[in-house]
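Read the structure below first, then the notes.
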Amino acid sequence: MAKNSTPFLSYHEIQVDDIDIYEDAFGLYQEFGDVFNLLDQLKPVPKKRLTKRLIERVRQMN
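Mapping to this note's numbering: the sequence shown position 60 is 97, numbers consecutive.
Here it is as structure tokens:
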């Protein structure tokens with residue numbers, strides 16, 4: 038049976054000074070702040086007017 042020799046660490050023992058946790062964990066870099074700001078401005082749900090126009094065009098096609 039293989040043994041694991043990795044010692045257990047508590048959360049407080051992990052040193053994170055001068056480390057960007059988000060960059061290391063998710064590959065997100067601070068240089069993309071402008072991209073994230075732009076994504077915050079996007080609306081995932083279209084407005085009612087756009088939806089109505091789309092429905093009208095689909096009905097015209099039939």
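For each residue, glycine too, the CB sits at the ideal point set by N, CA and C.
Helix, strand or coil at Gln52 [DSSP, three-state]: It is coil, neither helix nor strand.
Bounding residues of the alpha helix (DSSP H) (the contiguous stretch that carries Lys85): Looking at the DSSP string, the run of the alpha helix (DSSP H) that includes Lys85 is Lys85 to Met98.
Own chain, CB closer than 6 Å to Leu91, minus 5 neighbours either side, in chain order: Result list for Leu91: empty, nothing under 6 Å.
Under the three-state DSSP convention, the category Val82 falls into: Coil at Val82, not helix or strand.
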